[in-house]
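Protein chains in written order, with our numbering: chain A, 105 to 370; chain B, 530 to 611.
In structure tokens, the structure reads:
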């Protein structure tokens with residue numbers, strides 16, 4: 105027997121886990137940033153709390169229950185600003201501030217967007233008027249029965265893997281980087297930091313291209329018969345459209361000529 | 530069928546060449562050839578994407594051929610059994 109679905113998303117057990125995870129992330133983020141930024145570190149915490157607090161408001165106070173979509177973006181920008189103000193690109197060691205701030209921020213962002221998806225929609229709905237309604241698309245919330253209590257655990261696992269991968273990537277970027285020796289004149293007028301950024305751009309850009317390409321290959325190997333037939337027809341058309349057009353024109357010309365001949369005879 | 534297999538092998542070969550070109554561009558970047566590395570990335574991108582396209586078409590051809598063979602051979606088998 106299945107449990108009846110909760111009408112209000114606040115009543116879902118998963119929401120409490122996400123709220124706990126999100127608020128814990130904000131507290132850890134505040135502690136991590138406080139080391140360098142002092143009292144200012146409370147700013148991202150307060151804005152993030154504003155975004156999460158929507159899910160603490162009961163249904164009776166419906167006016168206050170609105171998604172604060174700008175909150176995670178502002179928190180991300182402010183945290184990036186604070187971190188860039190307080191760190192340098194060329195350091196080699198793993199700093200405690202990064203190791204704390206990165207998972208905390210990820211925990212907040214992950215929880216916040218999953219809560220948005222449960223209550224309204226993960227991203228703001230398109231408000232432009234449509235033929236179906238002047239108010240635009242209605243928000244499409246995630247069906248509550250899809251939310252399992254184990255989801256937050258998976259999110260924590262993903263966050264841990266991402267943080268570890270990020271640290272490994274960062275160390276790899278800084279590894280054996282001897283483009284500009286201390287005694288050597290600067291090449292192209294650059295010092296170490298722009299070279300690091302160039303390498304980062306290469307890694308992210310080419311890495312994304314390779315990943316997307318390999319996923320495309322994987323998708324090709326998983327295609328159905330209908331998809332394969334469609335790709336075959338599409339490729340045939342792309343590769344032979346010039347010849348097909350020419351042949352069709354000749355056939356049409358021949359048909360019209362024979363029709364005219366028939367008309368003259370009759 | 531042989532044609533699609535050959536195409537598939539060629540596709541994987543092009544993908545491998547594209548990855549090698551990316552690796553070369555990375556080596557150039559590491560050695561300080563900052564202006565020579567980006568054109569190589571562009572070349573690698575075209576080779577890599579070309580390889581993926583050839584792979585996609587060859588896999589589609591193989592699946593379509595297999596579907597066609599199953600469609601034509603199953604009725605024959607059932608006829609023989611009768």
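Ideal placement from N, C-alpha and C gives every residue a C-beta, glycine not left out.
{"Asked": "8 angstroms CB neighbourhood of residue 534(B) in its chain, flanking five on each side removed", "Found": "587, 591"}
{"Asked": "C-beta neighbour in chain A for residue 586(B), strict 9 angstroms", "Found": "yes"}
{"Asked": "Backbone secondary structure at residue 194(A) - three-state DSSP", "Found": "At residue 194(A), the pLDDT of 49 sits below 50, so the modelled position is not reliable; the number obtained from the coordinates is stated separately. Of the three classes helix, strand and coil, the one that applies to residue 194(A) here is coil, per DSSP."}
{"Asked": "Pick from 146(A), 139(A), 244(A) that is closest to residue 131(A), judged by C-alpha positions", "Found": "146(A)"}
{"Asked": "Host alpha helix (DSSP H) of residue 143(A) (start-end)", "Found": "Taken as a continuous stretch (DSSP letters only), residue 143(A) belongs to no alpha helix (DSSP H), as it is neither H nor E."}
{"Asked": "Rounded straight-line distance, which links the Cα of residue 347(A) to that of residue 355(A)", "Found": "12 angstroms"}
{"Asked": "Proximity winner among 174(A), 150(A), 245(A), 135(A), relative to residue 207(A) (alpha-carbon distances)", "Found": "135(A)"}
{"Asked": "Residue 253(A) (DSSP reduced to helix, strand or coil)", "Found": "coil"}
{"Asked": "For residue 289(A), the three-state DSSP class (helix, strand or coil)", "Found": "A caution first: residue 289(A) carries a pLDDT of 49, below 50, which makes its placement in the model unreliable, though a value can still be read off. Coil, per DSSP."}
{"Asked": "Residue 305(A), buried or exposed, once every other Cβ within 10 Å from all chains shown has been counted against 16", "Found": "exposed"}
{"Asked": "Buried/exposed call for residue 170(A), threshold 16 Cβ in 10 Å", "Found": "exposed"}
{"Asked": "Whole-angstrom C-beta distance between residue 179(A) and residue 158(A), which should lie under 8 angstroms", "Found": "Their Cβ separation, rounded to whole angstroms, is 14 angstroms, which puts residue 158(A) and residue 179(A) out of contact at 8 angstroms."}
{"Asked": "Interface flag, residue 575(B) vs chain A, CB-CB below 9 angstroms", "Found": "no"}
{"Asked": "C-beta neighbour in chain A for residue 592(B), strict 9 angstroms", "Found": "yes"}
{"Asked": "Proximity to residue 214(A) [Cα-Cα], best of 344(A), 365(A), 152(A)", "Found": "152(A)"}
{"Asked": "Short CB-CB distance (under 9 angstroms) between residue 531(B) and chain A", "Found": "no"}
{"Asked": "Limits of the alpha helix (DSSP H) - the one that residue 330(A) falls within", "Found": "329-369"}
{"Asked": "Proximity of residue 580(B) and residue 543(B) at Cβ, strictly below 9 angstroms", "Found": "yes"}
{"Asked": "Beta-carbon spacing of residue 116(A), residue 243(A) below 9 angstroms", "Found": "no"}
{"Asked": "For residue 541(B), the first and last residue of its enclosing alpha helix (DSSP H)", "Found": "531-559"}
{"Asked": "Closest by C-alpha distance to residue 298(A), when choosing among 541(B), 559(B), 602(B)", "Found": "559(B)"}
{"Asked": "Cβ-based neighbour list, residue 155(A), same chain, cut-off 7 angstroms, excluding 5 preceding and 5 following", "Found": "172, 175, 176, 216"}
{"Asked": "Closest residue to residue 199(A) among 349(A), 368(A), 344(A), 275(A) (Cα-Cα distance)", "Found": "275(A)"}
{"Asked": "Cβ of residue 331(A) within 9 angstroms of any chain B Cβ", "Found": "yes"}
{"Asked": "Cross-chain neighbours of residue 306(A) in chain B, by beta carbon under 8 angstroms", "Found": "554, 555, 558, 566, 570"}
{"Asked": "Within chain A, the residues that residue 548(B) reaches when beta carbons sit closer than 8 angstroms", "Found": "314"}
{"Asked": "Assigned exposure category for residue 310(A) - 16 Cβ within 10 Å defines buried", "Found": "buried"}
{"Asked": "Short CB-CB distance (under 9 angstroms) between residue 299(A) and chain B", "Found": "yes"}
{"Asked": "Own chain, CB closer than 7 angstroms to residue 583(B), minus 5 neighbours either side, in chain order", "Found": "536, 539, 540, 543"}
{"Asked": "From 268(A), 149(A), 190(A), residue whose alpha carbon lies closest to that of residue 209(A)", "Found": "149(A)"}
{"Asked": "Test: residue 339(A) CB closer than 9 angstroms to a CB of chain B", "Found": "yes"}
{"Asked": "Beta-carbon proximity of residue 211(A) to residue 118(A), cut-off 9 angstroms", "Found": "no"}
{"Asked": "Own chain, CB closer than 8 angstroms to residue 253(A), minus 5 neighbours either side, in chain order", "Found": "117, 118, 121"}
{"Asked": "Test: residue 536(B) CB closer than 9 angstroms to a CB of chain A", "Found": "no"}
{"Asked": "Validate contact between the segment 322-333 of chain A and the segment 570-577 of chain B using beta carbons, cut 8 angstroms, 3 pairs", "Found": "no"}
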